[in-house]
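S.K.: Submitted below is the structure of interest, expressed as structure tokens.
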Amino acid sequence: EKKSPERSLAALVVEYDLRLAETANPQRRVDILADLADALGKESMWLAHAEGAKELARVTQLYDKVISKGVVVRARALPMEERRDALDPLIQRLQARGKAAEHPATKAPMPVAEPLRQLAAAARRGSEQLQQLMDEATP
Numbered sequence: 326e327k328k329s330p331e332r333s334l335a336a337l338v339v340e341y342d343l344r345l346a347e348t349a350n351p352q353r354r355v356d357i358l359a360d361l362a363d364a365l366g367k368e369s370m371w372l373a374h375a376e377g378a379k380e381l382a383r384v385t386q387l388y389d390k391v392i393s394k395g396v397v398v399r400a401r402a403l404p405m406e407e408r409r410d411a412l413d414p415l416i417q418r419l420q421a422r423g424k425a426a427e428h429p430a431t432k433a434p435m436p437v438a439e440p441l442r443q444l445a446a447a448a449r450r451g452s453e454q455l456q457q458l459m460d461e462a463t464p
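If you want it as structure tokens, here you go:
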């Protein structure tokens, strides 16, 4: 039996929520949220390919929320001396996700293109905010 996108998405979010609940380590929490964002980004790209516009819009909104209210907020809690090592790879991942979403957005039908542009914008904002946090830690 095939899982509905909503059910598999809910299961994914619950899995990461459980992982978050298991640790108080700020670095680990940032990594878990970044992994969730990656999973949502991959799901978005799959939905874009399948032209699942309604689901794509929901997943894109969740991706934006995980980045802005999860990854960035938790990254602020990282000690200054850990920020560069912790955030540089995340910035790279977000930049790659943004670029991966921008290209198909130029060719996709409007109901799919708009969420892809929103995904790219969320990734760009997240990478810029993390870069600011990393720069604060650089003497």
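Numbered as in my numbering, the sequence shown ends at 464 without a single skipped number. Just so you know, even glycine gets a beta-carbon here, dropped at the ideal spot from N, CA and C.
1. For a quick check, are the C-beta atoms of P429 and A378 less than 8 Å apart?
2. Taking Cβ positions, are R399 and G423 nearer each other than 8 Å?
3. Mind checking whether A373 and A433 have CB atoms under 8 Å apart?
4. Pick out whichever of I357, A382, D356, R344 has its Cα sitting closest to the Cα of E368.
5. Could you give the first and the last residue of the continuous alpha helix (DSSP H) run that contains E431?
6. Taking only three categories from DSSP, how would you classify P464?
M.R.: Put simply:
1. Result no, Cβ atoms of P429 and A378 do not sit closer than 8 Å.
2. For the pair R399 and G423, the CB atoms are not nearer than the 8 Å cut-off.
3. Yes.
4. Nearest option by C-alpha distance: A382.
5. As written in the sequence, residue 431 is Thr, which differs from the Glu given in the question. 405-432 is the span of the alpha helix (DSSP H), which, as asked, contains T431.
6. It is coil, neither helix nor strand.
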